[in-house]
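Enquirer:
2 protein chains.
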Amino acid sequence: MQKKFLEVKSLYRNSDEYLGKSVSVAGWIRTSRISKSFGFIELNDGSFFKNLQIVVDENKIDNFAEISKLPISSSLLIEGELVKVDNAKNPIEIHATKVVVEGESDSSYPLQKKKHTFEYLRTIAHLRPRSNTFSAVFRVRSVVAYAIHKFFQERNFVYAHTPIITGSDAEGAGEMFRITTLDMTNPPLNEDGSIDFSQDFFGKEANLTVSGQLNGEIMALAFRNIYTFGPTFRAENSYTARHASEFWMVEPEISFADLEDNMELAEDLIKYIINFVLENCPEEMAFFNSFIDKGLLDRLDNIVSSDFVRITYTEAIDLLLKSDHTFEYPVEWGCDLQTEHERYITEQIYNAPVFVTDYPKDIKAFYMRANDDGKTVRAMDLLVPGVGEIIGGSQREERYEVLMDRIKEMGLKEEDYWWYLELRKFGTATHSGFGLGFERIIMYLTGVSNIRDVIPFPRTPKNAEF
Amino acid sequence: MQKKFLEVKSLYRNSDEYLGKSVSVAGWIRTSRISKSFGFIELNDGSFFKNLQIVVDENKIDNFAEISKLPISSSLLIEGELVKVDNAKNPIEIHATKVVVEGESDSSYPLQKKKHTFEYLRTIAHLRPRSNTFSAVFRVRSVVAYAIHKFFQERNFVYAHTPIITGSDAEGAGEMFRITTLDMTNPPLNEDGSIDFSQDFFGKEANLTVSGQLNGEIMALAFRNIYTFGPTFRAENSYTARHASEFWMVEPEISFADLEDNMELAEDLIKYIINFVLENCPEEMAFFNSFIDKGLLDRLDNIVSSDFVRITYTEAIDLLLKSDHTFEYPVEWGCDLQTEHERYITEQIYNAPVFVTDYPKDIKAFYMRANDDGKTVRAMDLLVPGVGEIIGGSQREERYEVLMDRIKEMGLKEEDYWWYLELRKFGTATHSGFGLGFERIIMYLTGVSNIRDVIPFPRTPKNAEF
Chain A
1 MQKKFLEVKS LYRNSDEYLG KSVSVAGWIR TSRISKSFGF IELNDGSFFK
51 NLQIVVDENK IDNFAEISKL PISSSLLIEG ELVKVDNAKN PIEIHATKVV
101 VEGESDSSYP LQKKKHTFEY LRTIAHLRPR SNTFSAVFRV RSVVAYAIHK
151 FFQERNFVYA HTPIITGSDA EGAGEMFRIT TLDMTNPPLN EDGSIDFSQD
201 FFGKEANLTV SGQLNGEIMA LAFRNIYTFG PTFRAENSYT ARHASEFWMV
251 EPEISFADLE DNMELAEDLI KYIINFVLEN CPEEMAFFNS FIDKGLLDRL
301 DNIVSSDFVR ITYTEAIDLL LKSDHTFEYP VEWGCDLQTE HERYITEQIY
351 NAPVFVTDYP KDIKAFYMRA NDDGKTVRAM DLLVPGVGEI IGGSQREERY
401 EVLMDRIKEM GLKEEDYWWY LELRKFGTAT HSGFGLGFER IIMYLTGVSN
451 IRDVIPFPRT PKNAEF
Chain B
1001 MQKKFLEVKS LYRNSDEYLG KSVSVAGWIR TSRISKSFGF IELNDGSFFK
1051 NLQIVVDENK IDNFAEISKL PISSSLLIEG ELVKVDNAKN PIEIHATKVV
1101 VEGESDSSYP LQKKKHTFEY LRTIAHLRPR SNTFSAVFRV RSVVAYAIHK
1151 FFQERNFVYA HTPIITGSDA EGAGEMFRIT TLDMTNPPLN EDGSIDFSQD
1201 FFGKEANLTV SGQLNGEIMA LAFRNIYTFG PTFRAENSYT ARHASEFWMV
1251 EPEISFADLE DNMELAEDLI KYIINFVLEN CPEEMAFFNS FIDKGLLDRL
1301 DNIVSSDFVR ITYTEAIDLL LKSDHTFEYP VEWGCDLQTE HERYITEQIY
1351 NAPVFVTDYP KDIKAFYMRA NDDGKTVRAM DLLVPGVGEI IGGSQREERY
1401 EVLMDRIKEM GLKEEDYWWY LELRKFGTAT HSGFGLGFER IIMYLTGVSN
1451 IRDVIPFPRT PKNAEF
């Protein structure tokens, strides 16, 4: 048997090159229908969403009896002729001349053809990537990650690796996980009975990062345009379908750029990602549209062809107050927008993606640039139909004195921000950035509603299996 | 002033398009030489390694006096005509007609033109990306990361996000950092006085990953070809120039593929990366070759044009024993190869990259495929001149019984590997993979000899600043 196994994807995409020829493939049995002397195996080799049909014939292969009894998920090495068939859905098949059993599966294989719940499939995370749904989700995840890198690299952005372990708690975006190598049963103590973290690995308290933004600003003020793309963490005991303890974030940061530039970048990025995945994963996207979320492709087409709306927070509040809709959370200027408000704006009022800008400073972070009105900051959130907020960002406060006042006003410790402040001292510049939750965009693109189902091995409270 | 600031990189690369026209740029003063009425500013905007010369003339701009006194690292917005000059190194300059001071720097700016040590520059990690060396290193880092994604994605590999937080200590590649949200001064205890980790965030002990390989195998046995690219951690109190506590790893894993396929993939990857960085970062690579490592470009050219040598460990030991070289660590069959041995093989014996395969099983990990000789396993290390080992990998043990025996033999706990073992039960397949330390390859490509200088914000024992 020839050693180089062709990928099923290339047989589908370049079938003319191989038709009538003898080819070798390798893969796993997804299903099989085999009668006494003849049968069909649906083989999946992982290279492609679709299976390849293998025709096995007692007269053509010498181990037909063995093959006919194999449980699903057994792996095979196959040699045979690639043949064109009159079937729009599966226009090619292989007529096997040799079949080698690489790894026989077992009848206890848990991923049988009957429909399983997503909850059950999470308990077999080592096998669920072999199902249609998860093979599609994780391939789209990979392709979207690449789309993000491609988008930024083609625009000359520098990919900045910001640290995962942080010695500062200055990021201020949520509860953090502590990292330690101290013996927790017998930790070294200070005289006052507190833990002596000077003896810990990093010589002080250390945590897992919640955002790369502050470090990203360092890089943007050297390279002009940068992006981060890495894991971030939240130690929140949140059991919702939208929160995980470990997730990936994309955080571009651009210098000599204000909030308008920031919104333009965000709009370009979202449209680029959608177009890229539609072009590169047509089979997967059709599957999601049929089996996960019926309106998905229409919704994505709508996004790509829309001009994103831009309104201020104050305008948004006015619109919500003027609507005759009754909200669970009352609306008034100064309130944080809840998901119900966000979705009403983007779905009912505009039916298009909407940037909301210039939020009250009291509900936003210390680093956002203050407006002259003394009440609002140059924040932006991007709201999309079906989800609500998908991006949050801002123009950053670039003025040393204003930033220092804000740090003091919010009771933060100046010494925790020494280098962040120095960026404003040694050649400060207008700059802006935003964060895109990577899993959020995957959920949006696939229609999958639980974040646990778009991460291969999700981490949530009380769960770090696999 | 027009709002869109052109990138200095595009002015250099597409100068014909802009010559004689009025353009806007923005950036930071790297140096300036300004006399009474006339002068030159070397502007760097972060988009490009090289500066752009700005000519300022008292008669052309109305704030000449202000501009002439600015400290370096001040940021400017500039409008002027792009002019061709007879200078091979810097063939273009801007004759400014308007200069706006965006952010005035301070004379205390620590990154003055005088030569600083790398040690000192680590203490100003928020500013060092603005120096020639670090701007070159971190841009190459970004471009190499992209090259890696591009290489794998163009070959239809799935990018698999393996977890950072792991509830297992089954990875077995080094000391781990513990993650906890317990109150360390007053942790919950079991009756025997040990910590009750069932009350911790994940309901059990959790650590930072040391390798994505075992999870990567899950994905490879679904998608055939996958790669991981993410941060990994070692809690080792190692103060060498080659070890960091947090670093990025690339770990491809390929199914229906043996050690030969694995070596072929590794060789293709290394050559692809080198060609990509030479093509996309010519200015940076020329800089490294001149100022960091004089033989760099020759060494890289040698790698790209070499066929990588393939020898077994047993052959390597024979060659070392036959040499008349005296090693610090004695050589005998069964010993682990030290850096001095590795470098002797790749530099003195072959002057080419060398794969060494089939190591004694006792010095390699439990998951490597056993050879029929009962003594060796299908491991491979790639040794390169100037560094030694840069890649380590193996064909994985795909036989359930053999793997189980090995797990028992090494005193590992079977229950920690239940899903890893099940991969061998439900359609196992020949598969292989390797790990490439991302920082190692950056050091190799730049000639930078300390890992702390190829990571923007390095984490090492007693150090988690920035």
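Sequence order for the protein chains is A and B.
In terms of our numbering, the first sequence opens at residue 1 and continues consecutively.
In terms of our numbering, the second sequence opens at residue 1001 and continues consecutively.
Glycine included, C-beta positions come from ideal geometry on N, C-alpha and C.
Expressed to the nearest angstrom, what Euclidean distance is found between the alpha-carbon atoms of isoleucine 349(A) and threonine 376(A)?
Expert: 23 Å
Enquirer: Counting along the chain, where does the beta strand (DSSP E) carrying threonine 1312(B) start and finish?
Expert: For threonine 1312(B), the uninterrupted beta strand (DSSP E) segment begins and ends at 1309-1312.
Enquirer: Considering just the uninterrupted stretch of the alpha helix (DSSP H) at lysine 204(A), what are its terminal residues?
Expert: Taken as a continuous stretch (DSSP letters only), lysine 204(A) belongs to no alpha helix (DSSP H), as it is neither H nor E.
Enquirer: Would you report the Cα separation of lysine 1425(B) and isoleucine 1124(B), rounded to the nearest angstrom?
Expert: Those two C-alpha atoms are separated by around 53 Å.
Enquirer: Any C-beta of chain B sitting closer than 8 Å to the C-beta of threonine 117(A)?
Expert: no
Enquirer: Quick one: does tyrosine 367(A) have its CB under 8 Å from some CB of chain B?
Expert: no
Enquirer: Can you tell me the Cβ-Cβ gap for alanine 1136(B) and glutamate 1284(B), rounded? I've got them flagged as a contact below 8 Å.
Expert: 4 Å
Enquirer: Using 8 Å for Cβ pairs, my map puts phenylalanine 177(A) next to asparagine 207(A). What's the rounded Cβ distance?
Expert: 6 Å
Enquirer: Within 10 angstroms of the Cβ of phenylalanine 466(A), are there 16 or more other Cβ atoms? Answer buried if so, exposed if not.
Expert: buried
Enquirer: So tryptophan 1028(B) and arginine 1128(B) are in contact, right, with Cβ under 8 Å, and what is the actual spacing, rounded?
Expert: Beta-carbon to beta-carbon, tryptophan 1028(B) and arginine 1128(B) are separated by about 14 Å, too far to satisfy the 8 Å threshold.
Enquirer: Does any CB atom of chain B fall closer than 8 Å to the CB of tyrosine 109(A)?
Expert: yes
Enquirer: What does isoleucine 1195(B) reach in chain A if we use C-beta pairs closer than 8 Å?
Expert: Met184, Thr185
Enquirer: In three-state DSSP terms, what is histidine 1095(B)?
Expert: Correct three-state label for histidine 1095(B): strand.
Enquirer: From phenylalanine 438(A) to methionine 249(A), what does the alpha carbon distance come to, in whole angstroms?
Expert: 5 Å
Enquirer: Please report whether the beta-carbon of alanine 222(A) lies at a distance below 8 Å from any beta-carbon of chain B.
Expert: yes
Enquirer: Identify the continuous alpha helix (DSSP H) that holds asparagine 1132(B) and give its terminal residues.
Expert: 1132-1154
Enquirer: Consider the Cβ of isoleucine 441(A): report whether some Cβ of chain B lies at a distance smaller than 8 Å.
Expert: no
Enquirer: Given a threshold of 16 other Cβ atoms within 10 Å of its Cβ, counted over all protein chains shown, does tryptophan 418(A) qualify as buried or as exposed?
Expert: Exposed is the call here.
Enquirer: Apart from the five residues on each side of it in sequence, which residues of its chain come closer than 6 Å, Cβ to Cβ, to serine 1105(B)?
Expert: Pro1071, Ser1073, Ser1074
Enquirer: Taking the alpha helix (DSSP H) that histidine 1341(B) falls in, what are its first and last residues?
Expert: In the DSSP assignment, histidine 1341(B) falls within the alpha helix (DSSP H) that extends over 1339-1343.
Enquirer: Is the Cβ of leucine 1011(B) closer than 8 Å to any Cβ of chain A?
Expert: no
Enquirer: Checking contacts by CB at 8 Å: is aspartate 1106(B) closer than that to chain A?
Expert: yes
Enquirer: Hey, does methionine 1249(B) have any beta-carbon neighbour from chain A nearer than 8 Å?
Expert: no
Enquirer: Span of the beta strand (DSSP E) holding serine 1028(B)?
Expert: Serine is not the amino acid found at residue 1028(B); the sequence shown has tryptophan there. 1022-1034 is the span of the beta strand (DSSP E), which, as asked, contains tryptophan 1028(B).
Enquirer: Keeping to the same chain, check which residues put their C-beta closer than 6 Å to that of phenylalanine 1457(B); ignore five residues upstream and five downstream.
Expert: Ala1125, Phe1466
Enquirer: Do we get a CB-CB distance below 8 Å when we pair tryptophan 1333(B) with the residues of chain A?
Expert: no
Enquirer: Quick one: is threonine 473(A) buried, meaning 16 or more other Cβ sit within 10 Å of its Cβ, or exposed?
Expert: Examination of residue 473(A) is not possible in this model, given that chain A is present from 1 through 466 alone.
Enquirer: Output, in chain order, the set of chain A residues within a Cβ distance shorter than 7 Å of glutamine 1153(B).
Expert: Tyr146
Enquirer: Considering Cα atoms alone, identify which of Ser68(A), Leu445(A), Leu76(A), Trp333(A) is closest to serine 35(A).
Expert: Per the Cα distances, Ser68(A).
Enquirer: Taking phenylalanine 1223(B) as the reference, which of Leu319(A), Phe138(A), Ile390(A) has the closest Cα?
Expert: Phe138(A)
Enquirer: Just mark serine 305(A) as buried or exposed, buried being the case when its beta carbon has 16 or more other beta carbons within 10 Å.
Expert: exposed
Enquirer: For the stretch 1226-1243 of chain B and the stretch 1251-1264 of chain B, state whether three or more C-beta atom pairs, one from each stretch, are separated by less than 8 Å.
Expert: yes
Enquirer: Give the DSSP bridge partners of isoleucine 1054(B), in chain order.
Expert: Ile1041(B), Ile1094(B)
Enquirer: Can you tell me whether isoleucine 61(A) is helix, strand or coil according to DSSP?
Expert: coil
Enquirer: Taking only beta carbons into account, state which residues of the stretch 1432-1465 of chain B come closer than 9 Å to chain A, listed in chain order.
Expert: Against chain A - using a Cβ distance shorter than 9 Å - the residues of the stretch 1432-1465 of chain B are Phe1438, Ile1455, Pro1456, Phe1457, Pro1458, Arg1459, Thr1460, Pro1461, Lys1462, Asn1463, Ala1464, Glu1465.
Enquirer: My assumption, with CB atoms under 8 Å, is that threonine 312(A) sits in contact with threonine 346(A). Please give the rounded CB distance.
Expert: About 15 Å separates the two Cβ atoms, so there is no contact after all.
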